[in-house]
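Line by line, the protein sequences are chains P and W. Heads up: the first sequence begins at 1 in my numbering, then just goes up one per residue. Heads up: the second sequence begins at 1001 in my numbering, then just goes up one per residue. C-beta: ideal position from N, C-alpha, C; glycine also. Presented below is the structure to which this report refers.
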Amino acid sequence: NAGVTQTPKFQVLKTGQSMTLQCAQDMNHNSMYWYRQDPGMGLRLIYYSASEGTTDKGEVPNGYNVSRLNKREFSLRLESAAPSQTSVYFCASSVEGPNNEQFFGPGTRLTVL
Amino acid sequence: DQQVKQNSPSLSVQEGRISILNCDYTNSMFDYFLWYKKYPAEGPTFLISISSIKDKNEDGRFTVFLNKSAKHLSLHIVPSQPGDSAVYFCAAVYNFNKFYFGSGTKLNVKP
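Below, the structure is given as structure tokens:
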């Protein structure tokens, strides 16, 4: 079991470029999430998907789009990157149950110049 | 406006003593509260959670306390070990999918 995998690990973009961050989980979880972590801000929810075929906005969705391609994969797209999107991005999936436990990927460190 | 706050950015504790990490929240609709631990260059890992209908949950050296009237959550680690040194995030969730995280507390356990 690989758990939650994210690609790429690092990326540098120029302002205005686009890119897609990939996330996959092999735990058969229904729910998946994208977060960003900025210094002093903790993790902030960008988008989530409660099940295959559904997506919903989180706390900071502006400038991002997501696709729940199938049960395993949940991608995050930046159409026109801005320096304010420089951050570490984490994907997570969660167990349905009393704990609401989330399993996180290792993160993607994105720099927008 | 942050709905979940961790007001102490760092905490230093001697090995073997108790570590107490605190968290405050503003939304009374939260269903669950969770604590995560994070090492550098890794994703957060789940530690322990508590339902909003309980006031205490214990798992080994980790105990989480919930005071709903004060909208306050705390994590106790007893005894603290050097391997516990990490950043600890509290999180709150409602509607089972909307998670809000605090800004984290960096715990340093000195040998």
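For W:Asp1084, which of helix, strand or coil comes out of DSSP?
It is helical.
My understanding is that W:Leu1107 touches W:Val1013, with C-beta atoms under 8 Å, so please give their C-beta distance in whole angstroms.
7 Å
With H, G and I counted as helix, E and B as strand and the rest as coil, what does DSSP make of P:Gln193?
Here chain P has residues from 1 to 113 only, and residue 193 of chain P is not among them.
Let me see if you follow: with CB-CB separation under 9 Å, is W:Leu1107 close to chain P or not?
no
Please classify P:Glu101 as buried or exposed, where buried requires at least 16 other C-beta atoms within 10 Å of its C-beta.
buried
Taking only beta-carbon atoms, is W:Lys1098 less than 9 Å away from chain P?
yes
Any C-beta of chain P sitting closer than 9 Å to the C-beta of W:Ala1086?
no
Apply the 10 Å Cβ neighbour rule to P:Tyr64 and answer buried if 16 or more other Cβ atoms are within range, or exposed otherwise.
buried
For P:Lys57, which of W:Lys1098, W:Gly1102, W:Phe1046 has the nearest alpha-carbon?
Nearest option by C-alpha distance: W:Lys1098.
Roughly how many whole angstroms lie between the Cα atoms of P:Gly107 and W:Thr1045?
12 Å
Using only the alpha-carbon positions, how far apart do P:Gln17 and P:Ser94 sit?
If I take the Cα positions, the gap works out to 31 Å.
Using beta carbons (cut-off 9 Å, strictly below), is P:Glu59 in contact with chain W?
yes
Please compile the residues from chain W whose C-beta is within a distance smaller than 8 Å of the C-beta of P:Phe90.
Gly1043, Pro1044
For a contact defined as C-beta to C-beta under 8 Å, what are the partners of W:Val1078 on chain P?
Those do not exist, as W:Val1078 stays about 21 Å from chain P at its closest Cβ, beyond 8 Å.
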